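In what follows, a structure is listed as structure tokens, so that the remarks can point back to it.
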Amino acid sequence: MRIAINGFGRIGRQVFKIAHERGLDVAYINDLADVKTLAHLLKYDSTYGRYDRHVEVKGNSIFVDGKEVKVLSSPDPAELRWGDWGVDLVVEATGKFRHYDKAAKHLQSGAKWVVITAPAKDRADITVVYGANHRDIDPEKHRIISAASCTTNAFALMIKVLREKFGIRRGLMTTVHGYTNDQRLLDAPHKNLRRARAAALSIIPTTTGAAKTIYHIYPDLEGKLDAVALRVPVPIPSIVDFTVELESTPTIDDIHAAYEEAANGELKGLLGITYEELVSVDFKGEDRTVVIDAPLTRAVKGENMYKIFGWYDNEWGYSRRVVDIVEYIKR
């Protein structure tokens, strides 16, 4: 399978690194920035450190350990001749082509599949959280696939265990989330007035798409969950704070045992649980989708209400799941 990445920003670059390590054939990058800048940002990462691979530029290509990746610069996917160039799958990581008709331009250009690294704005053929519903992907039928969001991925696996073991009546989630490129470094106009404020100077309340996207994964929970986000002055990682009313009344130990069982079984490598007293920086570069922070679990005595926390690296962990989806389609 030949792969192209459209948009070489924070997620696009992490997807590339992971795909390269797994031996996948990423043949093209399309981004409006010049090739030297793209190569520099691939090599030097303020969050994760220097990329431990040989990166050089020759003409309009980036070479990583000698493997050529051609760099294109088209603002319109309809202008890209994916079919002529043998591209099978496009990872759509610009954040700009999240409507179905816009993402479909990649298909019109000859690609067979598009994986959007965000929730679709209107619809996708399927919205997927790896580990929750990825086995529902039918490559013959599903051509435009949304990988949901980093928060939805973490939230969905937390829910999966609770839903299957204890049942969920209703819940409220807050993601305490690192700032992103959709915020302002200093105060400047933005359609969202809170995001218009300096990202590194405040805790910024805002919305999260996880509140609605989660229903694509668990339709039976529609109307029973809601969510908000607090953007905080760190780039990564983030943490889900989930207050949930269950259908049964397990003990905290029962809840932890359920997560341990999942972490050692069906969700091995995707979900974890820690009993150590850790902080956000300890989860930088975390491969798993979410890690339950057991010491933070709380319960209301005599009731079926609980508070559960899960850490996640909103870039690296999410990007690994995007590549997992690509590999699932490829198999």
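So for the sequence shown, our numbering puts the first residue at 7; every next one is plus one.
Glycine included, C-beta positions come from ideal geometry on N, C-alpha and C.
The structure presented is a predicted model; accordingly, all values stated were derived computationally and were not measured.
(request) Between the Cα of Glu309 and those of Ser254, Gly18 and Glu98, spot the shortest distance and give me the residue it belongs to. (result) For the purposes of this step, residue 309 is taken as the residue at position 303 of the sequence shown. Closest by C-alpha distance to Glu309, out of Ser254, Gly18 and Glu98, is Ser254.
(request) Would you kindly work out how many angstroms separate the C-alpha atoms of Tyr50 and Arg56, rounded to a whole number? (result) Your numbering for residue 50 matches position 44 in the sequence shown. Your numbering for residue 56 matches position 50 in the sequence shown. Answer to the nearest angstrom: the Cα atoms are 5 Å apart.
(message) For Thr214, count the other beta carbons within 10 Å of its own beta carbon; 16 or more makes it buried, fewer makes it exposed. Which is it?
(response) Here the question's residue 214 lines up with position 208 in the sequence shown. Result: buried.
(message) From the DSSP secondary-structure annotation, give me the bridge partner or partners of Val238.
(response) The residue given as residue 238 occupies position 232 in the sequence shown. Paired residue(s): Gly184.
(request) Could you tell me whether the Cβ atoms of Asp299 and Trp322 are closer together than 9 Å? (result) Here residue 299 refers to the residue found at position 293 when the sequence shown is read from its first residue. Here residue 322 refers to the residue found at position 316 when the sequence shown is read from its first residue. Remark: C-beta atoms of Asp299 and Trp322 do not approach each other more closely than 9 Å.
(request) Could you check the C-alpha separation between Arg44 and Ser52 for me, to the nearest Å? (result) Here residue 44 refers to the residue found at position 38 of the sequence shown. Here residue 52 refers to the residue found at position 46 of the sequence shown. For the sequence presented, residue 44 should be read as Leu rather than Arg. Cα to Cα, the separation comes out at about 14 Å.
(request) Count the other C-beta atoms from every protein chain shown that fall within 10 angstroms of the C-beta of Val21, then say buried if there are 16 or more, exposed otherwise. (result) Reading the sequence shown from its first residue, position 15 is the one you call residue 21. Flag for Val21 reads buried.
(request) Report back the beta-carbon spacing between His183 and Ser244 to the nearest angstrom; my notes put them in contact at under 8 Å. (result) The residue you call residue 183 lines up with position 177 of the sequence shown. The residue you call residue 244 lines up with position 238 of the sequence shown. With 8 Å as the limit, His183 and Ser244 qualify as a contact, their Cβ atoms being about 4 Å apart.
(request) Could you spell out the range, first to last residue, of the beta strand (DSSP E) harbouring Asp40? (result) For the purposes of this step, residue 40 is taken as the residue at position 34 of the sequence shown. Counted as a single uninterrupted DSSP element, the stretch harbouring Asp40 is not any beta strand (DSSP E), since DSSP gives it neither H nor E.
(message) Please identify the residue among Gly116, Thr212 and Ile242 whose C-alpha is closest to the C-alpha of Cys156.
(response) On the sequence shown, position 150 is the one that residue 156 refers to. Nearest in C-alpha terms to Cys156, of all of Gly116, Thr212 and Ile242, is Ile242.
(request) Could you name the residues of the same chain whose beta carbon sits closer than 7 Å to that of Asn66, not counting the 5 residues immediately before and after it, in chain order? (result) By 1-based counting over the sequence shown, the position of residue 66 is 60. For Asn66, where only same-chain residues beyond five positions count, the Cβ hits under 7 Å are Val41, Lys76 and Val77.
(request) Evaluate Arg326 with the Cβ neighbour count: other Cβ atoms within 10 Å of its Cβ, from every protein chain shown; 16 or more gives buried, anything less gives exposed. (result) The residue given as residue 326 occupies position 320 in the sequence shown. Buried.
(message) Applying the 10 Å Cβ sphere with the 16-neighbour rule, what's the burial state of Tyr1?
(response) Beyond the ends of the chain as shown, which are 7 and 337, falls residue 1; an answer cannot be given.
(request) Can you say whether Leu199 is buried or exposed, counting buried as having 16 or more other CB atoms within 10 angstroms of its CB? (result) On the sequence shown, residue 199 is found 193 positions in, with the first residue counted as 1. Taking every protein chain shown into account, the CB of Leu199 has fewer than 16 other CB atoms within 10 angstroms, so this residue is exposed.
(request) Identify every run of the beta strand (DSSP E) within the stretch 8 to 82, keeping only runs that are complete inside it and at least 3 residues long; order them along the chain. (result) 8 to 12, 31 to 36, 61 to 64, 67 to 70 and 73 to 78, all fully within the stretch 8 to 82.
(message) Does the structure place the stretch 204 to 222 close enough to the stretch 152 to 166 that three or more beta carbon pairs sit under 8 Å?
(response) Judged by pairs of C-beta atoms under 8 Å, the stretch 152 to 166 touches the stretch 204 to 222, as three or more such pairs exist.
(message) In this structure, how does DSSP classify Arg104 when only helix, strand and coil are distinguished?
(response) Taking the first residue of the sequence shown as position 1, residue 104 is located at position 98. Here Arg104 sits in coil by DSSP.
(message) Tell me the rounded alpha-carbon separation between Pro239 and Leu207.
(response) For this step, residue 239 is matched to residue 233 along the sequence shown. For this step, residue 207 is matched to residue 201 along the sequence shown. Straight-line measurement puts the Cα of Leu207 at about 7 Å from the Cα of Pro239.
(request) Kindly indicate which residue of Ser79, Asp82, His60 and His112 has the alpha-carbon position closest to the one of Gly72. (result) On the sequence shown, residue 72 is found 66 positions in, with the first residue counted as 1. Distances from the alpha-carbon of Gly72 to those of Ser79, Asp82, His60 and His112 put His60 closest.
(message) I'd like the span of the alpha helix (DSSP H) that includes Trp322, first residue to last.
(response) Start at 1 with the first residue of the sequence shown, and residue 322 comes out as number 316. Segment Trp322 to Lys336, the alpha helix (DSSP H) holding Trp322.
(message) Counting beta carbon pairs with one atom in the stretch 125 to 139 and one in the stretch 226 to 239, are three or more of them shorter than 8 Å?
(response) The stretch 226 to 239 makes no contact with the stretch 125 to 139; the number of CB pairs closer than 8 Å stays below 3.
(request) In the DSSP assignment, find the unbroken alpha helix (DSSP H) run with Thr167 in it and report its ends. (result) The sequence position of residue 167 within the sequence shown is 161, counting from 1. Inspection of the sequence shows that residue 167 is occupied by Val rather than by Thr. DSSP places Val167 inside the alpha helix (DSSP H), whose first and last residues are Cys156 to Lys171.
(message) Nearest by alpha-carbon distance to Arg70: which of Glu98, Gly29, Leu302 and Phe248 is it?
(response) As a working mapping, residue 70 is identified with position 64 in the sequence shown. The question names Arg, but residue 70 in the sequence shown is Val. Taking each of Glu98, Gly29, Leu302 and Phe248 in turn and checking the Cα distance to Val70, the smallest one comes out for Gly29.
(request) Starting from Glu253, follow its DSSP beta bridges and name the residues at the other end. (result) Here residue 253 refers to the residue found at position 247 of the sequence shown. Partner(s): none; Glu253 has no beta bridge.
(message) Restricting to Cα atoms, I'd like to know which of Leu86, Leu178, Val120 and Val93 is closest to Leu396.
(response) Since the first and last residues shown for the chain are 7 and 337, residue 396 lies out of range.
(message) For Glu272 and Thr100, I'd like the C-alpha separation in whole angstroms.
(response) Position 266 of the sequence shown holds residue 272. Position 94 of the sequence shown holds residue 100. Cα-Cα distance, rounded: 32 Å.
(message) Let's see if you can read the secondary structure: which residues bound the alpha helix (DSSP H) around Glu267?
(response) In the sequence shown, the residue the question calls residue 267 occupies position 261. Unbroken alpha helix (DSSP H) run through Glu267: Ile258 to Ala269.
(request) Let me know if Gln338 comes out buried or exposed under the rule of 16 or more other beta-carbons within 10 Å of its beta-carbon. (result) Any property of residue 338 remains undetermined from this structure, which presents the chain solely from 7 to 337.
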